[in-house]
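Trainee:
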Amino acid sequence: MVDLNEGSDQIDLSLRVEVSGKSRITADYLIVCAGLMADRMARMMGIDIDFQIVPFRGEYYQLPAHLNGLVKHLIYPVPDPRLPFLGVHLTRMIDGSITVGPNAVQGWKREGYGKINVSLRDGWELLRFPGFWRLLGKNFATGLREWKNSLHKRGYLALVNKYCPTVELQHLQSYPAGIRAQAVLVDGSLVQDFLFARSRRSLHVCNAPSPAATSAFPIGGYIVDQVVDAQLSLKE
Ligand SMILES: Cc1cc2nc3c(=O)[nH]c(=O)nc-3n(C[C@H](O)[C@H](O)[C@H](O)COP(=O)(O)OP(=O)(O)OC[C@H]3O[C@@H](n4cnc5c(N)ncnc54)[C@H](O)[C@@H]3O)c2cc1C
185 MVDLNEGSDQ
195 IDLSLRVEVS
205 GKSRITADYL
215 IVCAGLMADR
225 MARMMGIDID
235 FQIVPFRGEY
245 YQLPAHLNGL
255 VKHLIYPVPD
265 PRLPFLGVHL
275 TRMIDGSITV
285 GPNAVQGWKR
295 EGYGKINVSL
305 RDGWELLRFP
315 GFWRLLGKNF
325 ATGLREWKNS
335 LHKRGYLALV
345 NKYCPTVELQ
355 HLQSYPAGIR
365 AQAVLVDGSL
375 VQDFLFARSR
385 RSLHVCNAPS
395 PAATSAFPIG
405 GYIVDQVVDA
415 QLSLKE
């Protein structure tokens, strides 16, 4: 999506959305669930926001097939209540395999799924955002530890071994990473709950922490209620 123009505050004019190289969509109301681009999309709609999306890469490993029976359910470490991350856990996937992860490594590229990725635009935006420096100040030791365990497999293993001593270094096989779109406020705090931004004609999901995928239906219901209310107020 490259261009969003809010037609007007008048009821008879609607919103025009230009989808890159494809088509133009005209609508009365727009719901934006843009994940890693949520803050940019909100700004494109002229919303004055006080947060920025900071990417956190969640790196995984997979256990070899002979360990598929190791656990029957999700096994989590005790979480750190100051952070919105669940910690490296064991997950039994629907195909019976077991993944280990994810950690939470601050990234320099929003869609940087590899180990080391830098985007000049994304990096520059982070450095210019005061909330990023406050976030660093508040969580420097934790951030450094995540980086260390990302580069040093033994450190990652030690996290798992706290609650599952059976897993050994040679069991950690590479697996694709995911990226969290974490909203950070100007005061440097990590948003732990859902965060929505609104313009007169749009609703933006700006922070949807785990388990947002699992909770997609109730969240969808909440969004629909919000949109109905907004539509009613447009008609007032
Ligand atoms: C490593 C990791 C593990 C997780 N584990 C779990 C879990 O076990 N259980 C759980 O419930 N949740 C989990 N989550 C969280 C879950 O994935 C998110 O909460 C959920 O995906 C958020 O949904 P969303 O629709 O807000 O954003 P997304 O799922 O990120 O969707 C945003 C979409 O918008 C698209 N987009 C962005 N910008 C544009 C643009 N300009 N034009 C067009 N399209 C655009 C993107 O391509 C993307 O498809 C995990 C997340 C991560 C990163």
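So for the sequence shown, the working numbering puts the first residue at 185; every next one is plus one.
Note that the Cβ used here is the ideal one computed from N, Cα and C, for glycine as well.
Any heavy atom of ligand 1 within a distance shorter than 6 Å of the CB on G219?
Mentor: Correct: G219 has its Cβ closer than 6 Å to ligand 1.
Trainee: Rounded to a whole number of angstroms, what is the C-alpha to C-alpha distance between F166 and L369?
Mentor: Limits of the chain in this structure are 185 at one end and 420 at the other, which puts residue 166 out of reach.
Trainee: For K256, which option in T275, F378, P263 has the closest C-alpha, if you only look at C-alpha atoms?
Mentor: The candidate whose alpha carbon is nearest that of K256 is T275.
Trainee: Alpha carbon to alpha carbon, how far is P248 from L341? Give it in angstroms, no decimals.
Mentor: Computed Cα separation, rounded: 15 Å.
Trainee: Counting pairs of beta carbons, one from the stretch 226 to 243 and one from the stretch 396 to 408, are three or more of them closer than 8 Å?
Mentor: Touching, no.
Trainee: Beta carbon of P263: closer than 6 Å to some heavy atom of ligand 1?
Mentor: Because no heavy atom of ligand 1 lies under 6 Å away, the Cβ of P263 does not count as near it: no.
Trainee: Would you call the stretch 353 to 365 and the stretch 294 to 301 touching, i.e. three or more CB-CB distances under 8 Å?
Mentor: In short, these stretches touch, since the Cβ pair count reaches three.
Trainee: Rounded to whole angstroms, what is the Cα-Cα separation between T283 and L343?
Mentor: Those two C-alpha atoms are separated by around 14 Å.
Trainee: For I403, name the three-state secondary structure that DSSP assigns.
Mentor: DSSP places I403 in helix when its eight states are reduced to three.
Trainee: Are Y347 and P261 touching if we call contact CB-CB under 7 Å?
Mentor: Taking 7 Å as the Cβ cut-off, Y347 and P261 qualify as a contacting pair.
Trainee: Judging by CA-CA distance, which residue of S394, Q415, H388, Q376 is the nearest neighbour of D232?
Mentor: Per the Cα distances, H388.
Trainee: Taking all protein chains shown into account, do 16 or more other C-beta atoms lie within 10 angstroms of the C-beta of V238, making it buried, or fewer, making it exposed?
Mentor: The residue in question, V238, is buried, as its Cβ has 16 or more Cβ neighbours within 10 Å.
Trainee: Start and end of the beta strand (DSSP E) containing E309?
Mentor: Element bounds for E309: not the beta strand (DSSP E) but the alpha helix (DSSP H), 304 to 312.
Trainee: DSSP three-state call for M185: helix, strand or coil?
Mentor: With a pLDDT of 41 at M185, under the threshold of 50, the predicted position of this residue should be treated as unreliable, and no value is reported.
Trainee: So is V408 buried or exposed if we call it buried at 16+ other beta carbons inside 10 Å?
Mentor: V408 is exposed by the Cβ-count criterion.
Trainee: In whole angstroms, what separates the C-alpha of T350 from that of N287?
Mentor: Whole-angstrom Cα-Cα distance: 19 Å.
Trainee: Straight-line CA distance for K337 to L353?
Mentor: When rounded, the distance between both Cα atoms is 7 Å.
Trainee: Quick check: the Cα distance between F378 and N391, rounded to an integer number of angstroms?
Mentor: Each residue's Cα considered, the two are about 5 Å apart.
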